[in-house]
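Sequence positions in the sequence shown follow the working numbering and run 6 to 494. No residue lacks a Cβ here, since even glycine has one placed at the ideal position from N, Cα and C. Below: the structure, in structure tokens.
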Amino acid sequence: MNKPLRRIAIFCGLLVMALLIRDNWIQYVQADTLKKHEHNRRVSIERYAQPRGDIIVDGKPITGSTETSSSDFKWKRTYKDGEMWAPVTGYASQAFGATQLESIEDGILTGNDDRLFFRRTLDMITGKKQKGGNVVTTLSSAAQKAAFEGLGDKKGAVAAIDPSTGAILALASTPSYDPSTFAGNSTDTDTKAWTKLQKKQNPDDPMLNRALRETYPPGSTFKAVTAAAALEHELVTDPDAKTDSPDPWTMPDTTTELPNEGNIPCKDASLRNALKFSCNTVFGKVGSDLGKDKMLETAEKFGFNKEQFVPVRASASVFPTAMDKPQTALSSIGQFDTATTPLQMAMVASAIANDGTLMKPYMVDRLMGQNVDVVEQTEPKEMSKPLSPDNAQKLQSMMETVVDEGTGTKAQIPNVKVGGKTGTAQHGVKNELAPYAWFISYAKADDGSSPVAVAVVVEDSQAERDDISGGGLAAPIAKDVMKAVLDSK
């Protein structure tokens, strides 16, 4: 063979070898990845080839499936009270994918989870059609309804937790959306419904889960964390003893006075009265005296600066790690760069109510196969201990004073002991926008236990600016949610 032909033969051989290597790489190495790839239409066809399992609340499904006659997707997802439950379920759309529980637990809901392999194999042998399993949540329909209806046409969110376990009882966000409106396969109706919900088309961003994904300045509700830090680090040992708190108080290294809201008795006020009247001067000075390291330590024990997975991801709430003394003072009253999700503030109230133990929040109680076998059971798990039991009980007493005779009286429930803290957080440059109204709280049952802790934020409302307050707007919503839980026990 002459030299040119030999070179061509070698080159062709290398090409054939490259093709064989590539072919084997695709078939044996990438096969599983390609089989499950989101852009592989067969994956979507298989996902909707049979009815999805259901997401369950209080023993009843809040989802369903309906058979379709169009396209190659046989079944379409449906939702009951879709707007109310969207912050919990997310959506499963033939055209636009899936989010939240619908996405995270897709394997269980479709029946394709590896833990259901034995059941799938048995069904193949017996000729039964594959069915999805169910996701049983910790949610309370009564609490969710109270939260959703309480928010009404206001923009905001509610998170409610069982302090003893960390089980999430309510997770509401408004404005919301109905996942049923775009559950189909990109018909004109589905596409139009989807487009109307996008932030570019709808500035209210109804698809944003405000309970988990939006962080707000917490305002004076953060004073509960500062009070916990003062007790834990023994800056204050007696909540009823006077503090060394001038009014007015000039922040360290500045000539700037930290103002109080209105004519309230804050000079040298006890920690109890400072929480009752929401004294900026007292808590600003407490945070400054403790210093950023001790404040940061306490905030992080409550869960700040860390994402939570419930199992849906919740954004990390922020307590600044780099601050000077005046910034520490402002952060300690929920200003400066302090920002939090409603879930995080529900965790704060929950830990205080649970005698200082913070339980890890979760909203899936168990995963079940189609034959009602339990595939996975969630066990309550301790997350941290932000407070000692003694200090937690002192703070409970202080928060109960807030509701009994302070700024949180609209959260009172007859014959029920309720603790709470109001907050009205500044919003916008130089506070020119309507402030956020906050309320965090817990309620005690007859046996002294606390079956529910709640955080409410009202992002805006139709009320006049001077009428916007945590005690006026958010506390009544928290009251209804707590009462719903107590009445269902």
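The C-beta distance from Leu392 to Ala233 rounds to 5 Å, short enough to meet the 8 Å contact threshold. By the Cβ-count criterion, Asp329 is exposed, with fewer than 16 other Cβ atoms from all chains shown falling within 10 Å of its own Cβ. In the structure shown, Met256 adopts coil according to DSSP, grouped into three states.
When beta bridges are read from the DSSP output, Glu387 appears opposite Met364. Residue state for Ile482 is assigned as helix, using DSSP reduced to three classes.
In the three-state DSSP reduction, Arg277 falls in the helix class (H, G or I). Distance from the CA atom of Gln332 to the CA atom of Met404, rounded to whole angstroms, is 25 Å.
When secondary structure is reduced to three states using DSSP, Gly424 falls in the strand class. DSSP, reduced to helix, strand and coil, places Ile357 within a helical segment of the structure shown. In the three-state reduction of the DSSP assignment, Thr303 falls in the helix class.
Sequence-distant partners of Ser98 (beyond 5 residues in either direction) whose C-beta falls short of 8 Å from its own C-beta, in its chain, are Arg82, Pro184, Phe187, Ala188, Gly189, Asp195, Trp199. As computed with DSSP, Met373 is found in a beta bridge with Asn139, Val379. Excluding five sequence positions before and after Trp90, the CB atoms of its chain that fall closer than 6 Å to its own CB belong to Ile67, given in chain order.
Residue range 105-109 is occupied by the alpha helix (DSSP H) that includes Ile109. Under the 8 Å Cβ criterion, the region 383-398 does not count as touching the region 270-278, having fewer than three qualifying pairs. For secondary structure counted as the alpha helix (DSSP H) over 4 or more consecutive residues, the region 136-214 holds these complete runs in sequence order: 146-156, 193-202. Linking Thr383 to Tyr367 through their CA atoms gives a straight-line distance of about 8 Å. Residue state for Gly296 is assigned as coil, using DSSP reduced to three classes. In the assembly as shown, Asp298 is an exposed residue. Its beta-carbon has fewer than 16 other beta-carbons within 10 Å.
Secondary structure at Ile61: strand, using DSSP grouped into helix, strand and coil.
Here the C-alpha atom of Met487 lies approximately 17 Å from the C-alpha atom of Val463.
Here Pro385 is exposed, its C-beta having fewer than 16 other C-beta atoms within 10 Å. DSSP places Thr248 outside both helix and strand once states are collapsed to three, so it counts as coil. In the structure shown, Glu410 adopts helical secondary structure according to DSSP, grouped into three states. Looking at the DSSP output, Gln313 bridges to Ala319.
Here Arg82 is bridged, per DSSP, to Ser70.
Val461 is a Cβ neighbour of Val163, given a cutoff of 7 Å. Residue pairing by DSSP places Leu263 opposite Trp254 in a beta bridge. Between Thr226 and Trp443, the CB-CB gap stays under 7 Å. DSSP, reduced to helix, strand and coil, places Phe101 outside both helices and strands of the structure shown, so it counts as coil.
The three-state reading of DSSP puts Ser336 in helix, counting H, G and I together.
Using a Cβ distance threshold of 7 Å, Val457 and Val423 do not count as a contacting pair. When the five nearest sequence neighbours on each side are left out, the beta carbons in the same chain lying within less than 8 Å of the beta carbon of Val323 are those of Thr220, Phe309, Asn310, Asp342, Thr343, Ala344, Thr345, in order along the chain.
The beta carbons of Leu121 and Gly292 sit about 52 Å from each other, so the pair does not count as a contact at 8 Å. Here Glu88 is buried. Its C-beta has 16 or more other C-beta atoms within 10 Å.
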